[in-house]
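K.L.:
Chains as they are written, first to last, in our numbering: chain G, 1 to 205; chain B, 206 to 410. Pasting in a structure now, in C-alpha cells, and then I'll have a few things to ask.
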DNA sequence: GTCTATATATCGATAGAC
DNA sequence: GTCTATCGATATATAGAC
C-alpha cells in the first residue's frame with residue numbers, strides 16, 4: 001500500500017500548492033493565512049500543516065516551482081538561433097507566461113519587491129549564472145555583427161519589466177483599458193509594441 | 206499658542222509619514238507594524254496612534270502623497286511640446302523618480318500588485334482621466350504626422366514598467382549587475398536604452 | 001501631547017482523539 | 001491521514017496617569 005499512500009500525499013500537496021500560489025499572489029506572504037490556503041484547498045488547517053509543517057516551507061516550495069517556470073521561458077536564446085527570431089520568441093514566451101500564470105508572476109514579484117529574503121541566495125547563484133549565459137549569447141550575436149550593440153542585461157531587465165507588468169499590475173492595466181479582464185488582443189497589442197521596440201533598438205527591424 | 210501646536214503636529218506627522226513610507230516599502234502593508242514605524246520615527250507606538258488613529262489611515266495618507274508625485278512626472282507630455290523631447294523628458298523624469306524615491310515606488314507597486322484595494326476608486330477616476338488626457342496628446346502628435354502610429358496606452362504601460370522596475374525590483378537588478386547599490390551610470394545606461402527603444406518605435410530616431 | 005500598561009483579536013502551529 | 005480544540009505569540013488600538 002506504500003504507493004497508494006504516496007499518491008494521496010502527492011495529490012493533497014498539489015492541491016495545497018495550487019491554493020497557496022493563489023493566496024500568496026493575492027495577499028503576499030505576510031497577509032496570507034494558512035487557514036485561507038487550507039479553505040481554498042478544501043481541507044482543515046491542521047491538514048495543511050500535516051503536509052507542510054510551516055507556512056514558510058510551503059512558500060519556499062511555491063517559489064521553487066515558479067523559478068523553474070521562469071527560467072524555461074528563455075529557451076529560445078541560443079547561440080545558433082537567429083537573433084530576430086530568438087528575441088521575438090522570448091518576448092512571446094514571457095507574455096504567454098504572464099497571460100497563463102499571472103498568480104505565479106505575482107508571487108515572484110512580491111518576493112523581489114520586499115528584498116528577495118528567500119531567493120536572494122539563488123539570485124546570486126544559479127539565476128545570475130543563468131542570466132550571464134544568456135547575455136553571453138547576445139554578446140556573441142553583437143560581436144559577429146548580427147545585431148546592433150546593446151547592453152544585454154538592461155535589455156533583459158526591460159523585457160522582464162514590460163512583460164511581467166501585464167501580470168503583476170494587471171488590475172491597473174485592466175482599469176486603464178476598460179476591461180474586466182485582459183483579453184488576448186490586449187496581450188497581442190502589448191507584445192507587438194514591445195517586439196517592435198526591442199527589434200528596432202537592436203537594429204533588427 | 207494655536208500656531209505652535211499646529212507646527213508640532215505637522216512636524217510629527219511628517220516624521221511618521223517618512224518612517225511609514227520606508228516600512229511599508231520594505232514589508233508591505235500587512236507585515237508593517239505600527240511599532241516598527243513608531244520606532245523608526247523615534248517615538249512610542251501610542252504617539253503614532255495619537256496622530257493617525259489607524260494603520261490604514263496612515264497608509265492612505267502615504268499613498269496619497271505618492272500618487273501626487275507620480276502624476277507630476279508626466280508634465281512634459283503637452284500638445285505644444287516636441288514629441289521627441291517630451292518623451293525623452295518623461296523617461297528621464299520617471300527614472301529620476303525611481304532613483305530618488307524607490308521606497309515610494311515600492312509602496313505603490315505593492316498596492317497595485319495586491320489588487321489596488323485602496324486606490325481602485327482613484328484609479329478608475331482621476332488617474333484614468335489623467336492617462337487619457339496624456340494619451341490624447343500622443344494621438345494628436347500621431348494625427349499631425351509628428352510621430353509614427355503607436356498604441357499610446359501600451360506605450361505608457363511599458364514605460365512605467367521599465368522605469369519602475371529599477372526601483373521596485375532594485376534588489377534583483379543590483380544582484381545581476383554586481384552592485385551593492387545601483388549607481389548613476391546604471392540609471393543612465395537603462396535610461397539610454399529605453400529612450401532608444403521608445404524613440405525608434407515611434408519613428409523619432 | 002506623551003508614555004506605560006493592557007484589552008482584544010488573530011494567526012501559526014500542535015496536541016490528541018479518531 | 002483527518003479533524004476539533006487550543007496554546008502561545010504577536011499585533012492593533014486604547015485607557016488612563018502624567
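From the three backbone atoms N, C-alpha and C, an ideal C-beta is built for every residue, glycine too.
Could you give the residue range of the alpha helix (DSSP H) that holds residue 309/B?
P.N.:
That run of the alpha helix (DSSP H) goes 307 to 318.
K.L.:
Expressed to the nearest angstrom, what Euclidean distance is found between the alpha-carbon atoms of residue 394/B and residue 154/G?
P.N.:
Going from the Cα of residue 394/B to the Cα of residue 154/G covers about 8 Å.
K.L.:
Taking the C-alpha atoms as reference points, what is the distance between residue 230/B and residue 313/B?
P.N.:
So the alpha carbons of these two residues sit roughly 8 Å apart.
K.L.:
Here's the rule: buried if 16 or more other CB atoms are within 10 angstroms of the residue's CB, otherwise exposed. What is residue 8/G?
P.N.:
Exposed is the call here.
K.L.:
Would residue 18/G pass as an interface residue toward chain B - the criterion being a Cβ-Cβ separation below 8 Å?
P.N.:
Chain B contact via Cβ: absent.
K.L.:
How big is the Cα-Cα spacing for residue 148/G and residue 201/G?
P.N.:
Rounded to whole angstroms, residue 148/G to residue 201/G spans 8 Å at the Cα level.
K.L.:
Please decide whether residue 363/B counts as near chain G, where near means a Cβ-Cβ distance under 8 Å.
P.N.:
Residue 363/B counts as touching chain G.
K.L.:
In its own chain, which residues sit with a C-beta less than 7 Å from the C-beta of residue 185/B, not counting the 5 before and 5 after it?
P.N.:
Here chain B comprises residues numbered 206 to 410, so residue 185/B is not present and cannot be evaluated.
K.L.:
Is it a yes or a no for the stretch 178 to 197 of chain G touching the stretch 124 to 134 of chain G, going by three-plus beta-carbon pairs under 8 Å?
P.N.:
In short, these stretches do not touch, since the Cβ pair count stays below three.
K.L.:
Return no unless some Cβ of chain G is closer than 8 Å to the Cβ of residue 318/B.
P.N.:
With 8 Å as the cut-off, residue 318/B counts as an interface residue toward chain G.
K.L.:
Suppose only complete runs of 4+ residues qualify. What are the alpha helix (DSSP H) ranges in the stretch 242 to 328 of chain B, listed by chain order?
P.N.:
DSSP runs (the alpha helix (DSSP H)) wholly in the stretch 242 to 328 of chain B: 250 to 256, 260 to 277, 288 to 305 and 307 to 318.
K.L.:
Since residue 34/G meets chain B, which of its residues come closer than 8 Å, beta carbon to beta carbon?
P.N.:
None at all; the shortest Cβ gap to chain B is about 14 Å.
K.L.:
Residue 315/B CB to nearest chain G CB: under 8 Å?
P.N.:
Yes, contact with chain G.
K.L.:
In chain B, what lies closer than 7 Å to residue 176/G by C-beta?
P.N.:
Correct list: 333, 336 and 358.
K.L.:
Going by the C-beta, is residue 73/G closer than 7 Å to any heavy atom of the ligand FMN?
P.N.:
Although the ligand FMN was asked about, the structure shown includes no ligands whatsoever.
K.L.:
Which residues of chain G have a Cβ atom closer than 9 Å to the Cβ of residue 370/B, listed in chain order?
P.N.:
Simply 157, 158, 160, 161, 162, 164 and 165.
K.L.:
Does any C-beta atom of chain G lie closer than 8 Å to the C-beta of residue 402/B?
P.N.:
Cβ-Cβ to chain G under 8 Å: yes for residue 402/B.
K.L.:
Below 7 Å CB to CB, which residues in the same chain sit around residue 307/B once its five sequence neighbours on both sides are set aside?
P.N.:
Excluding residues within five positions, the ones whose Cβ falls inside 7 Å are 372 and 375.
K.L.:
Going by the CB atoms, is the gap between residue 50/G and residue 118/G shorter than 8 Å?
P.N.:
Not in contact: residue 118/G and residue 50/G (Cβ atoms no closer than 8 Å).
K.L.:
Rounded to the nearest angstrom, what separates residue 84/G and residue 141/G at their Cα positions?
P.N.:
If you take the alpha carbons of residue 84/G and residue 141/G, they lie about 10 Å apart.
K.L.:
CA-CA distance, residue 350/B and residue 267/B?
P.N.:
For residue 350/B and residue 267/B, the distance between alpha carbons rounds to 41 Å.
K.L.:
Under 8 Å between the Cβ atoms of residue 6/G and residue 110/G?
P.N.:
Their beta carbons are not under 8 Å apart, which means residue 6/G does not touch residue 110/G by this criterion.
K.L.:
List the residues of chain B whose Cβ lies closer than 7 Å to the Cβ of residue 28/G, in chain order.
P.N.:
Going along chain B in sequence order, the residues near residue 28/G (Cβ under 7 Å) are 233, 235 and 319.
K.L.:
Report yes if the CB atom of residue 304/B is closer than 8 Å to the CB atom of residue 362/B, and no otherwise.
P.N.:
It is not a contact, given that the beta carbons lie outside the stated cut-off.
K.L.:
Once you ignore the five residues that flank residue 276/B on each side, which residues in its own chain have a CB closer than 8 Å to its CB?
P.N.:
Correct list, in chain order: 332 and 335.
K.L.:
Roughly how many angstroms separate the alpha carbons of residue 19/G and residue 253/B, rounded to a whole number?
P.N.:
Answer to the nearest angstrom: the Cα atoms are 37 Å apart.
K.L.:
What residues from chain B crowd round residue 193/G, counting only those whose CB sits closer than 8 Å?
P.N.:
Correct list: 355, 356, 359, 360, 363 and 406.
K.L.:
Starting from the beta carbon of residue 277/B, find every residue of chain G whose beta carbon is closer than 7 Å, and list them in chain order.
P.N.:
Going along chain G, no residue has its Cβ under 7 Å from residue 277/B, so there is no contact; the nearest lies around 18 Å.
K.L.:
Keeping to the same chain, check which residues put their C-beta closer than 6 Å to that of residue 367/B; ignore five residues upstream and five downstream.
P.N.:
Cβ neighbours of residue 367/B beyond the five flanking positions: 399.
K.L.:
Taking C-alpha atoms, which residue in 247/B, 222/B, 325/B and 228/B lies nearest to residue 257/B?
P.N.:
Of the listed residues, the one whose Cα sits closest to residue 257/B is 222/B.
K.L.:
So for residue 340/B, helix, strand or coil by DSSP?
P.N.:
DSSP places residue 340/B in helix when its eight states are reduced to three.
K.L.:
What residues of chain G sit near residue 269/B, judged by a beta carbon separation below 9 Å?
P.N.:
Here the premise fails: no neighbours, minimum Cβ distance about 17 Å.
K.L.:
Can you have a look at residue 319/B and say buried or exposed, based on whether 16 or more other CB atoms are within 10 angstroms of its CB?
P.N.:
It is buried - the Cβ of residue 319/B has at least 16 other Cβ atoms within 10 Å.
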